[in-house]
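**Q** Using our numbering, the first residue of the first sequence is number 1, and each one after it goes up by one.
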Amino acid sequence: MSGSDSFRISTILEYLAERYGSLPWWRGTADEIMIGAILTQQTRWENVGRAISELKSRGFGHMEALYRADQGVIEDLIRCTGFYRVKAKRLKALAECVQRLGGIGAMDSMSTSRLREELLHVKGIGEETADSILCYAFSRPVFVIDDYTRKICTCAGVMTKNSELRRLFGEVLPEEPGVCQQAHAHMVEYAKERCVKGLCEGCRIRSLNG
DNA sequence: GACCAGGTCCTTG
DNA sequence: CAAGGACATGGT
Numbered sequence: 001m002s003g004s005d006s007f008r009i010s011t012i013l014e015y016l017a018e019r020y021g022s023l024p025w026w027r028g029t030a031d032e033i034m035i036g037a038i039l040t041q042q043t044r045w046e047n048v049g050r051a052i053s054e055l056k057s058r059g060f061g062h063m064e065a066l067y068r069a070d071q072g073v074i075e076d077l078i079r080c081t082g083f084y085r086v087k088a089k090r091l092k093a094l095a096e097c098v099q100r101l102g103g104i105g106a107m108d109s110m111s112t113s114r115l116r117e118e119l120l121h122v123k124g125i126g127e128e129t130a131d132s133i134l135c136y137a138f139s140r141p142v143f144v145i146d147d148y149t150r151k152i153c154t155c156a157g158v159m160t161k162n163s164e165l166r167r168l169f170g171e172v173l174p175e176e177p178g179v180c181q182q183a184h185a186h187m188v189e190y191a192k193e194r195c196v197k198g199l200c201e202g203c204r205i206r207s208l209n210g
């Protein structure tokens, strides 16, 4: 089954790449992308954009400032993203991690697996957020597994755990950051468009393999 | 008013 | 390990 699973996955990836081409996804500095990765947890992206603007306009748009910032101040600026107390705490924890590791530059020269471990040790950063940061802030060839991806894979008949999905996508995708970034963007875009409310309106995923 | 959003943590069984 | 609750605002 594993062989046909990777075939199914590459079919999905091809179909979506053809459908969407190049999608604008995460822009900004590495710091801003990391902030966004925390703030977007269980939250619409539009609200996250506003909060990041708020932070930037007050000079809190980077880790150094967040490290020194008062927690209450951060809470006020990110309120519109919901879960603002835990998220402020998570931003502080991430900023402390960055500080401890010697800054973005130092992190940039670490291996992907080491960097992943460090990120996963931060309270409030799970696998999805860690991989988002690796993929979009540090341009590592990592594919982000999220709920949308899981849904789409299920539609295609690929029913496995996250760890296995991660392995499969890693096997199918090339080691190119840009390709991994776009692949995840495509998944999210397609799922938001077609997998509304548990239905699959006009979804072609199931029929891709005949 | 109900339901969901580009998750994670903690507690229970 | 799986399941359920907590965290919270804003849009449809």
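Note that CB positions come from ideal geometry on N, CA and C, so glycine has one too.
Small disclaimer: the values here were computed from a predicted structure and weren't measured.
#1: Might you give, ordered along the chain, the residues of its own chain that have their beta carbon closer than 8 angstroms to the beta carbon of V179, omitting 5 neighbours on each side?
#2: Grab me the residues of R194's own chain with a C-beta within less than 7 angstroms of its C-beta, minus the 5 sequence neighbours each way, in chain order.
#3: Answer with buried or exposed for G36, where buried requires no fewer than 16 other C-beta atoms within 10 angstroms of its C-beta.
#4: In whole angstroms, what is the alpha-carbon distance linking R150 and V158?
#5: Y190 to V86, Cα distance in whole Å?
#6: What are the start and end residues of the alpha helix (DSSP H) that includes F169?
#7: Taking its Cβ as the centre, do 16 or more other Cβ atoms sit within 10 Å of S132, making it buried, or is it exposed?
#8: First and last residue of the alpha helix (DSSP H) that includes E96?
#9: In three-state terms, what does DSSP make of L208?
#10: Relative to the alpha-carbon of G59, which residue among E32, V144, C80, A185 has its alpha-carbon at the smallest distance?
#11: Let me know the secondary structure DSSP gives V48 once reduced to three states.
#12: Figure out for me which residue from C135, Y67, S207 has the closest Cα to the Cα of E176.
#13: If you measure between the beta carbons of L94 and V122, is that distance less than 8 angstroms?
#14: Closest by CA to G82, which one among S113, L66, G102, G49?
#15: Do R8 and N209 count as a contact pair if the criterion is CB distance below 8 angstroms?
#16: Apart from the five residues just before and just after Q181, which ones in its own chain have a Cβ nearer than 7 angstroms to its Cβ?
#17: Between A130 and L120, which are expected to be in contact by the criterion C-beta below 8 angstroms, what is the C-beta distance as a whole number of angstroms?
#18: Please state whether DSSP places E175 in a helix, a strand or coil.
#19: From A30 to M110, what does the alpha carbon distance come to, in whole angstroms?
#20: Check whether the Cβ of L23 sits closer than 7 angstroms to any heavy atom of the ligand MN, and report yes or no.
**A** According to the structure shown:
#1: On the first sequence, position 179 is the one that residue 179 refers to. For V179, where only same-chain residues beyond five positions count, the Cβ hits under 8 angstroms are P141, L173.
#2: As a position in the first sequence, residue 194 is number 194, starting the count at 1. C200, E201, G202, C203, listed in sequence order.
#3: Locating residue 36 in the first sequence gives position 36, where the first residue counts as 1. Classification of G36: buried, given that the 10 Å Cβ count is 16 or more.
#4: Numbered from 1 along the first sequence, position 150 holds the residue referred to as residue 150. Numbered from 1 along the first sequence, position 158 holds the residue referred to as residue 158. Those two C-alpha atoms are separated by around 9 angstroms.
#5: Looking up residue 190 in the first sequence gives position 190. Looking up residue 86 in the first sequence gives position 86. If you take the alpha carbons of Y190 and V86, they lie about 30 angstroms apart.
#6: Stepping through the first sequence from its first residue, residue 169 is reached at position 169. Segment 162 to 172, the alpha helix (DSSP H) holding F169.
#7: Position 132 of the first sequence, counted from the first residue, corresponds to residue 132. Buried, since its Cβ has 16 or more Cβ neighbours within 10 Å.
#8: Mapped onto the first sequence, residue 96 falls at position 96. First-last of the alpha helix (DSSP H) with E96: 84 to 101.
#9: As a working note, residue 208 is residue 208 in the first sequence. Residue state, collapsed to three classes: coil.
#10: Taking the first residue of the first sequence as position 1, residue 59 is located at position 59. Per the Cα distances, E32.
#11: Working through the first sequence from its first residue, we reach residue 48 at position 48. Correct three-state label for V48: helix.
#12: Against the first sequence, residue 176 aligns to sequence position 176. Comparing Cα positions, the closest option is C135.
#13: What you label residue 94 is simply residue 94 of the first sequence in a count that begins at 1. What you label residue 122 is simply residue 122 of the first sequence in a count that begins at 1. Contact flag set, yes.
#14: Against the first sequence, residue 82 aligns to sequence position 82. Minimum Cα distance to G82 is reached at G49.
#15: Position 209 of the first sequence, counting from 1, holds the residue named residue 209. Position 8 of the first sequence, counting from 1, holds the residue named residue 8. Closer than 8 angstroms, so yes.
#16: Within the first sequence, numbered from 1, the residue matching residue 181 stands at position 181. So the list reads W25, C135, Y136, once near-sequence residues are dropped.
#17: Within the first sequence, residue 130 is the residue found at index 130, counting from 1. Within the first sequence, residue 120 is the residue found at index 120, counting from 1. Contact holds; Cβ gap of about 5 angstroms.
#18: The residue labelled residue 175 in the question sits at position 175 within the first sequence. Residue state, collapsed to three classes: coil.
#19: For the purposes of this step, residue 30 is identified with residue 30 of the first sequence, where counting begins at 1. For the purposes of this step, residue 110 is identified with residue 110 of the first sequence, where counting begins at 1. So the two alpha carbons sit approximately 15 angstroms from each other.
#20: By its list of ligands, the structure shown contains no ligand whatsoever, and the ligand MN lies outside what it can speak to.
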